[in-house]
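In our numbering, the protein residues as written are 1233 to 1438.
Cβ atoms here follow ideal geometry from the backbone N, Cα and C, with glycine treated the same way.
To start, the structure itself, in structure tokens.
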């Protein structure tokens, strides 16, 4: 591997940095989603909505404040401002949560685009070196020419490899974000409906 890295030319260093960044971001996101999965508690969301439907807004807010689940926190942000801006408060809280979920994805997206380009640049530099050596030695030293071609092929393969290896976790992370966004949209809609029912029931009891 070390010999291939050296033969790959100068573009192997930025490709190495890209690969290290990719692994770092993927591991950080994996830990984030693991922690999010541990905190996820659908029961809290259901309890909050049930309390709201019954008109017990204080009880629902108490459950939300004591929960660490993302959905419950978003609902709690809306309930805390239900008299002035229920939907707007939940939307802001949901957007903040989604931004935390998306953290690092722009880095992976950049690596997926940039790594093949760095490989192609290494290819161009290797071909330039090959023609330069060919002009100096003619056809008497073919090894000097093939060395530059090898550099071109190695850097291209390395760039494509970094991009492909990054692409798979990137798509998985994007799918997780989309799924979580859809769930947040569903629970906020359920809360709005529950609030109407709770207010009607509260008004009827009075």
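(request) Could you spell out where the alpha helix (DSSP H) holding residue 1235 opens and where it closes? (result) Translated into the one-based positions of the chain shown, residue 1235 becomes position 3. Residues 1234 to 1239.
(request) Give me the Cα-Cα distance between residue 1304 and residue 1403, rounded to the nearest whole angstrom. (result) Taking the first residue of the chain shown as position 1, residue 1304 is located at position 72. Taking the first residue of the chain shown as position 1, residue 1403 is located at position 171. So the alpha carbons of these two residues sit roughly 27 Å apart.
(request) Can you tell me which of the three DSSP states residue 1288 falls into? (result) Translated into positions along the chain shown, residue 1288 becomes position 56. If DSSP states are grouped into helix, strand and coil, residue 1288 belongs with coil.
(request) Would you mind reading off the limits of the alpha helix (DSSP H) that contains residue 1317? (result) As a position in the chain shown, residue 1317 is number 85, starting the count at 1. Segment 1314 to 1334, the alpha helix (DSSP H) holding residue 1317.
(message) Between which two residues does the alpha helix (DSSP H) holding residue 1251 run?
(response) Within the chain shown, the letter at position 19 stands for residue 1251. That run of the alpha helix (DSSP H) goes 1244 to 1271.
(request) State the DSSP-derived secondary structure class of residue 1294, mapped to helix, strand or coil. (result) Within the chain shown, the letter at position 62 stands for residue 1294. Residue 1294: helix per DSSP, three-state reduction.
(request) Tell me, please, whether the segment 1297 to 1313 touches the segment 1326 to 1333 by the rule of three or more beta-carbon pairs shorter than 8 Å. (result) yes
(request) Run the CB neighbour count on residue 1287, radius 10 Å, all protein chains shown included, and call it buried at 16 or more, exposed below. (result) Position 55 of the chain shown, counting from 1, holds the residue named residue 1287. Label assigned to residue 1287: buried.
(request) Evaluate residue 1347 with the Cβ neighbour count: other Cβ atoms within 10 Å of its Cβ, from every protein chain shown; 16 or more gives buried, anything less gives exposed. (result) Numbered from 1 along the chain shown, position 115 holds the residue referred to as residue 1347. By the 10 Å Cβ count, residue 1347 comes out buried.
(message) Can you tell me whether residue 1426 is helix, strand or coil according to DSSP?
(response) The residue given as residue 1426 occupies position 194 in the chain shown. If DSSP states are grouped into helix, strand and coil, residue 1426 belongs with the helices.
(request) Put residue 1439 into one of helix, strand or coil per three-state DSSP. (result) Residue 1439 falls outside the range modelled here, since the chain spans only 1233 to 1438, and no answer is possible.
(message) Please identify the residue among 1389, 1301, 1363 whose C-alpha is closest to the C-alpha of residue 1267.
(response) Position 35 of the chain shown, counted from the start, is the residue given in the question as residue 1267. Selected option, being the one with the closest Cα: 1301.
(request) Quick one: measure Cβ to Cβ for residue 1283 and residue 1295, integer angstroms, because I've assumed they're closer than 8 Å. (result) Numbered from its first residue, the chain shown carries residue 1283 at position 51. Numbered from its first residue, the chain shown carries residue 1295 at position 63. Indeed, because the Cβ distance is near 7 Å, the residues count as touching under 8 Å.
(request) Would you mind stating whether residue 1354 and residue 1233 have Cβ atoms separated by less than 8 Å? (result) Taking the first residue of the chain shown as 1, we reach residue 1354 at position 122. Taking the first residue of the chain shown as 1, we reach residue 1233 at position 1. Not a contact, by the Cβ cut-off of 8 Å.
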